[in-house]
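In our numbering, each residue's number is its place in the sequence shown (first place is 1) plus 5. Ideal Cβ placement from N, Cα and C applies to all residues, glycine included. Bear in mind the structure is a predicted one, so any value in this text is a computation, not a measurement.
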Amino acid sequence: MKLKPRSLTLSIIIMILFVLCLVIGWLWWDTKNLKNTAPEKALEKVNSVKTAKNKYDVIVVGTDPEGVVAAVSAARNGLKVLLVDGRNREILGGLMTLGWLNTLDLNYSPEQSMVPGKLNFLNKGIFQEWYDKIEGTSFDTRTAANAFYELVRNEPNIDLLLKVKEIKPLIKNTAKGIEVAGVHILTNENSNQTIASASVIDATQDADIAAATGAPFTWGREDIGDPKSQMAVTLVFKLSGITQEVWDSFGKHKNTGIDKMSVWGFPEMKEYPSTNKERVRMRGLNIGRQNDNTILINAMQIFGVNPLDPQSVQEGIDIGKKEAPHVVEYMKKNFPEFKDVTLADTAPELYVRETRHLKGEYRLTMSDLMENRDHWDAIAYGSYEVDIQSINHTDPGAVMMKPKQYGVPFRSLVPQQVDGILVVGRSASFDSLPHGSARVIPLGMATAQAAGAAAKITLEKNITFRELSQSKTDIENLRNRLISQGMELQMSKFETPSYIKHKAFSGLKAAIRMFVTIGGYDNKSWELDSKSNAQRFVYNMSNVRKVHPSVFKGDPSASIKDMTSPNSQKLSLSQAAFTIGTAIGLNITRERALSELQTHSWIKEETLKQIEDTDSLSNGEAFLLINDVIKYYVGVNYD
6 MKLKPRSLTL SIIIMILFVL CLVIGWLWWD TKNLKNTAPE KALEKVNSVK TAKNKYDVIV
66 VGTDPEGVVA AVSAARNGLK VLLVDGRNRE ILGGLMTLGW LNTLDLNYSP EQSMVPGKLN
126 FLNKGIFQEW YDKIEGTSFD TRTAANAFYE LVRNEPNIDL LLKVKEIKPL IKNTAKGIEV
186 AGVHILTNEN SNQTIASASV IDATQDADIA AATGAPFTWG REDIGDPKSQ MAVTLVFKLS
246 GITQEVWDSF GKHKNTGIDK MSVWGFPEMK EYPSTNKERV RMRGLNIGRQ NDNTILINAM
306 QIFGVNPLDP QSVQEGIDIG KKEAPHVVEY MKKNFPEFKD VTLADTAPEL YVRETRHLKG
366 EYRLTMSDLM ENRDHWDAIA YGSYEVDIQS INHTDPGAVM MKPKQYGVPF RSLVPQQVDG
426 ILVVGRSASF DSLPHGSARV IPLGMATAQA AGAAAKITLE KNITFRELSQ SKTDIENLRN
486 RLISQGMELQ MSKFETPSYI KHKAFSGLKA AIRMFVTIGG YDNKSWELDS KSNAQRFVYN
546 MSNVRKVHPS VFKGDPSASI KDMTSPNSQK LSLSQAAFTI GTAIGLNITR ERALSELQTH
606 SWIKEETLKQ IEDTDSLSNG EAFLLINDVI KYYVGVNYD
């Protein structure tokens, strides 16, 4: 019997819906399935050229993920590329494959897929291409290394040169200023070679090449008044004996999450009694699965290491190796999930989070992240939480806030004072606090893809990177080229966060940029409407004083010396003004403090009108006062 057209259409629709239900059902099951079926693979031998040519279109220094992507991007744009590494490495991937950081800090898009298990990342491009070759949110380091090598090996325009003993920038003085014109290298055979190039991309973890040119940087937390501090380094360690039963048990532990490749949790590990208290401690576990029944654990924080000093780095590795057996023994005794595991090894390289921060043509700020700002020259987007790791054994670290999405300007890759070179990855031009988000590798890989395409445009148009960064027409060309090459460069749609609408938002921006407050994962921990107190405001002004020591010469704690319990005393307007005045170093009384600040126009009348109860200020109102003083006394506008 022949079906009528309407019946045929209905049958097709039913069949499509049936197939769709099967697909969605399978995807849902796959997200609940914790079995890793990826096969164990051998590590491919990486072939390095014996000698480099004397000239290339672009030289990329560093074989971390950012360096691989920069080289591949430049090659796909038709450039002749030298990818060179000055560390004693035999494989590609650096921090991921030799530092064993095998769990990804991912930049999720605010617009996620409705399909279960399908993750939607920002930027995409070459990062997405590489991600599709690995196992998932965590990966086997051999899979990752082979995937990086495949990307490089497939580009005939790339010469790969490993194990160079020394790399220095070739600098020339031009009418436009100092420019990088290539590199000098000392090969593994102790021969010197000068290699010319139209441009250089610095993809070393610490921006070593750009620093050697004299490009300006800040160090660690220098920009917030703490130049001697930087985030802890980590030595990742490996455990064997991870059967499927053991893996499944991790997900049943309290306050612990799991998928088939990653585990995050075991917060009780922060109670681990270190054998070297001031130098090493544990935090909650980040666990990444391998394909050989082993796992890699990123959780050991090591303090007091100078990542630019090889002896200090080796000392950090030695400290971690010595502590690892004690850590594993503690895990075996205190967590039944680990009773049958064995310490297998520690990573060949340290995981270093922070060293130099470039001073570029634009410096990414916390205001950019707080406001989820786009930029006219955005060449990458971030969304990872602002994760500030501990700086010493007494510092708990902090999650400053969680942005929805923010743009990273091309100008943040361009150093001040020096041209012909771009800095990609964690040492690009980011303030130390937003660096807590922007330092993640997927974002660094996106900046690297942009750098490779930018090298092509500057060569085509015979312009410098700085000139490119100043031209809206040329930047539009760069962005369009990146989009045509697989990147997504646009802001997603999302609701404006409630904190932006708050009356104290301008004050909050100033407070968070000076590390006065934190928002946590939910952007609520700054408690704008909760009442402050006299002690808390002293802590606030102490942080402000640390950031601006030259203009706050007094001691804010002097304002509460006559109080028996300042942490239970409401913060009145007069007390807040008195604390500000003592921090400045004024010789004033509590009763005269406010009028003194108003006389100098350091606190504005319109700000005072926003205070609902002058006898009991909220945290947000306190931040508004701080913002006024910073803007009108110090002369710094944190908007």
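DSSP three-state assignment for residue i, whether helix, strand or coil
i, result
"alanine 47", "coil"
"alanine 304", "strand"
"threonine 569", "coil"
"leucine 629", "helix"
"arginine 675", "Outside the shown range of the chain, which is 6 to 644, sits residue 675, and nothing can be said about it."
"asparagine 538", "strand"
"alanine 208", "coil"
"serine 143", "strand"
"glycine 449", "helix"
"tyrosine 386", "strand"
"methionine 274", "helix"
"methionine 546", "helix"
"tyrosine 61", "strand"
"arginine 294", "strand"
"histidine 189", "strand"
"tyrosine 154", "helix"
"alanine 349", "strand"
"aspartate 228", "helix"
Inter-residue spacing [alpha-carbon to alpha-carbon] between residue i and residue j
i, j, result
"serine 118", "asparagine 538", "45 angstroms"
"isoleucine 300", "tyrosine 61", "41 angstroms"
"isoleucine 446", "glutamate 276", "29 angstroms"
"proline 278", "threonine 347", "20 angstroms"
"serine 547", "valine 639", "15 angstroms"
"alanine 627", "phenylalanine 542", "7 angstroms"
"glycine 625", "glutamate 227", "26 angstroms"
"glutamine 495", "leucine 191", "43 angstroms"
"serine 573", "glutamine 306", "35 angstroms"
"glycine 219", "alanine 186", "14 angstroms"
"glutamate 354", "glutamate 320", "12 angstroms"
"alanine 203", "leucine 464", "7 angstroms"
"isoleucine 29", "threonine 360", "Note that isoleucine 29 scores 45 on pLDDT, short of 50, meaning its location in the model is unreliable and no value can be drawn from it."
"valine 357", "lysine 326", "16 angstroms"
"threonine 248", "glutamate 334", "19 angstroms"
"asparagine 298", "lysine 123", "25 angstroms"
"valine 74", "proline 420", "20 angstroms"
"serine 395", "valine 404", "11 angstroms"
"leucine 629", "glycine 270", "37 angstroms"
"glutamine 198", "isoleucine 585", "59 angstroms"
"valine 521", "serine 530", "12 angstroms"
"lysine 609", "phenylalanine 583", "16 angstroms"
"alanine 237", "aspartate 620", "42 angstroms"
"threonine 569", "threonine 223", "41 angstroms"
Neighbourhood of residue i by C-beta distance below 6 angstroms, restricted to the same chain and skipping five residues each side
i, result
"lysine 636", "Asn642"
"proline 272", "Asn260, Gly289"
"isoleucine 292", "Val268, Ile300, Ile302"
"leucine 103", "Pro353, Glu354"
"leucine 100", "Asp69, Leu106"
"lysine 461", "Asn82, Leu84"
Whole-number beta carbon distance between residue j and residue i, since they are thought to touch under 8 angstroms
i, j, result
"asparagine 528", "methionine 406", "5 angstroms"
"alanine 581", "glycine 559", "So it is not a contact: roughly 15 angstroms between Cβ atoms."
"leucine 418", "leucine 427", "4 angstroms"
"glutamate 171", "glycine 425", "With 8 angstroms as the limit, glutamate 171 and glycine 425 do not qualify as a contact, their Cβ atoms being about 20 angstroms apart."
Same chain, Cβ closer than 8 angstroms to residue i, five either side skipped, listed in chain order
i, result
"aspartate 264", "Thr36, Leu39, Gly141, Thr142"
"aspartate 110", "Tyr389, Asp392, Val445, Ile446, Pro447"
"leucine 32", "With a pLDDT of only 43 at leucine 32, under the threshold of 50, the placement of this residue in the model should not be trusted; the figure read from the coordinates follows. Taken in chain order, the residues that qualify are Val120, Pro121, Gly122, Lys123."
Chain-order list of residues whose beta-carbon lies under 7 angstroms from that of residue i (same chain, five-residue window excluded)
i, result
"valine 54", "Asp164, Leu165, Leu166"
"lysine 282", "His398"
"glutamine 603", "none"
"alanine 217", "Lys173, Pro174"
Quiz item: Are the segment 193 to 212 and the segment 368 to 376 touching, with three or more C-beta to C-beta distances below 8 angstroms?
Solution: With fewer than three CB-CB distances shorter than 8 angstroms, the segment 193 to 212 does not count as touching the segment 368 to 376.
Quiz prompt | Segment contact, 8 angstroms Cβ cut-off, at least three pairs: the segment 447 to 464 with the segment 378 to 388 | solution = Yes, the segment 447 to 464 touches the segment 378 to 388.
Quiz item: Using 8 angstroms as the Cβ pair cut-off and three pairs as the minimum, do the segment 473 to 493 and the segment 511 to 518 touch?
Solution: Here the segment 473 to 493 does not lie against the segment 511 to 518, with fewer than 3 beta-carbon pairs under 8 angstroms apart.
Practice problem: May I ask you to verify whether the segment 340 to 356 touches the segment 235 to 247, counting CB pairs closer than 8 angstroms and requiring at least 3? | Solution: Contact between the segment 340 to 356 and the segment 235 to 247 is present, because at least three Cβ pairs lie under 8 angstroms.
Quiz item: Quick check: the segment 400 to 419 against the segment 354 to 373, are there 3 or more CB pairs under 8 angstroms?
Solution: Under the 8 angstroms Cβ criterion, the segment 400 to 419 counts as touching the segment 354 to 373, having at least three qualifying pairs.
Exercise. For the segment 467 to 487 and the segment 94 to 107, state whether three or more C-beta atom pairs, one from each stretch, are separated by less than 8 angstroms.
Key: No: fewer than three Cβ pairs fall under 8 angstroms.
Self-check item: Touching by the beta-carbon criterion (3+ pairs, under 8 angstroms), the segment 74 to 83 and the segment 43 to 52
Solution: At 8 angstroms Cβ cutoff, the stretches do not touch.
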